[in-house]
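Asker:
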Amino acid sequence: MQSARRQFRTGLLSAAAWVLGCSAAFTVNAESVTWISTELAPMTMPVGDRAGEGYIDQIYKFLVETLPQHSLKEEVVPPPRVMFMAQRGGGICTSLLFQTPEREAYLRFTPPYGYLYPIGVVTRGSDQAQFAPYISKAGYFMLDKALQDQRLGLGIAGGRSYGGKIDALVKPQVEAGAKNIQQIYQDESTKVLLAMLERQRFDYMFAFPSEIEYFTGPTNNLRFFPIEGNSDLLPGRFSCTKSPETDKIFADLTRLVQTRKVQPTFMAAYERWLPKYLIKSYRQRLQELQGGTTP
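See below:
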């Protein structure tokens, strides 16, 4: 009897050890990664009444559900701190940053999980005849020519970069004191500029098309045009620091993107914030970009 009891206790201890061992193994295999986000509507809206409705927010939710082997902890920081944290290293990943040679020094990037429109020109819908000479047959805004027309007022956010190609055309005129260019220096500059455009304080400005939909609603009288020479869709990519802490999650993110399972989630979330007249052309351009296939 005592021998049987000892065997029973030994069996229990062995089973308990097995359970604890499995739990320890799971803990070791699970990676804790800080996922950086910021407040940049409608791309990211991590807090407030519309929390989680941004198109990048939806990607994060998808990843949490799809990669349960990784413990993702979202940290919302001011936009300038995103770059600081990425450069600092450690277990950091994000969906926010576009790939550039400078960032490749400290970040690794996955293939694209989706594509979005770059910054373009916004005009009032009622002014199409006025801008007709500056719209190409393909529907692109010829910014270099429009800037030469001193009768057209341009509104910009002072101190903001709109990207290398746009800045190269606009900054020389600003530095030369062009009177038809109006600068503002306020928080939520795009929201303020869109309101000023609707009030006819100037004739055109720069924005992402999703910003038009978010700040002015679907019934606005505004029109978005991609800029000639700056119209390529931008690839959104996941990026992680070049740290051992992110080796496993970066490999899993890369494999997930390659299955193209992320793209339908991104497209649905992104198209929600596109002006309706752009959705058809967006899908067509996406299909051309991907060799005739879309999710």
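For what it's worth, this note's numbering labels the leading residue of the sequence shown as 31, then goes sequentially. Using N, Cα and C, we set each Cβ at its ideal position, and we do this for glycine too.
1) Under a three-way DSSP split, which group does residue 171 fall into?
2) Beta carbon of residue 251, beta carbon of residue 155: below 8 Å?
3) Using C-beta distances below 6 Å, list every residue in its chain close to residue 65, excluding the 5 sequence neighbours before and after it, in chain order.
4) Name the DSSP beta bridge partners of residue 234, please?
5) Do you know whose CA, among 281, 271, 306, 265, lies nearest residue 320's CA?
6) Taking the CB atoms as reference points, tell me whether residue 223 and residue 187 lie closer together than 8 Å.
7) DSSP puts residue 241 in a beta bridge; with which residues?
8) Can the beta-carbon of residue 284 be found less than 8 Å from the beta-carbon of residue 140?
9) Is the beta carbon of residue 236 closer than 8 Å to that of residue 309?
10) Does the beta-carbon of residue 192 have 16 or more other beta-carbons within 10 angstroms, so that it is buried, or is it exposed?
11) If we require 4 or more residues per run, which alpha helix (DSSP H) segments fall completely within the region 182-229?
12) Please state the DSSP three-state secondary structure of residue 316.
13) Anyone know if the C-beta pair for residue 313 and residue 143 falls short of 8 Å?
14) Between residue 227 and the ligand MG, is the CB less than 7 Å from at least one heavy atom?
15) Is it buried or exposed for residue 153, if we count other Cβ within 10 angstroms and need 16 for buried?
16) Helix, strand or coil for residue 308? Go by DSSP, reduced to three states.
17) Contact between the region 215-229 and the region 237-246 is defined here as three or more beta-carbon pairs at a separation below 8 Å; is this criterion met?
18) Do you know offhand how far residue 216's Cα is from residue 67's?
19) Can you tell me which residues form a DSSP beta bridge with residue 67?
20) Could you check which residue in 93, 317, 253 has the C-alpha nearest to that of residue 291?
Answerer: Based on what the coordinates show:
1) strand
2) yes
3) 102, 104, 123
4) 153, 184
5) 265
6) yes
7) Answer is none; residue 241 lacks a bridge partner.
8) yes
9) no
10) buried
11) 194-205, 219-228
12) helix
13) no
14) You won't find the ligand MG in this model; it holds no ligand whatsoever.
15) buried
16) helix
17) yes
18) 23 Å
19) 106
20) 93
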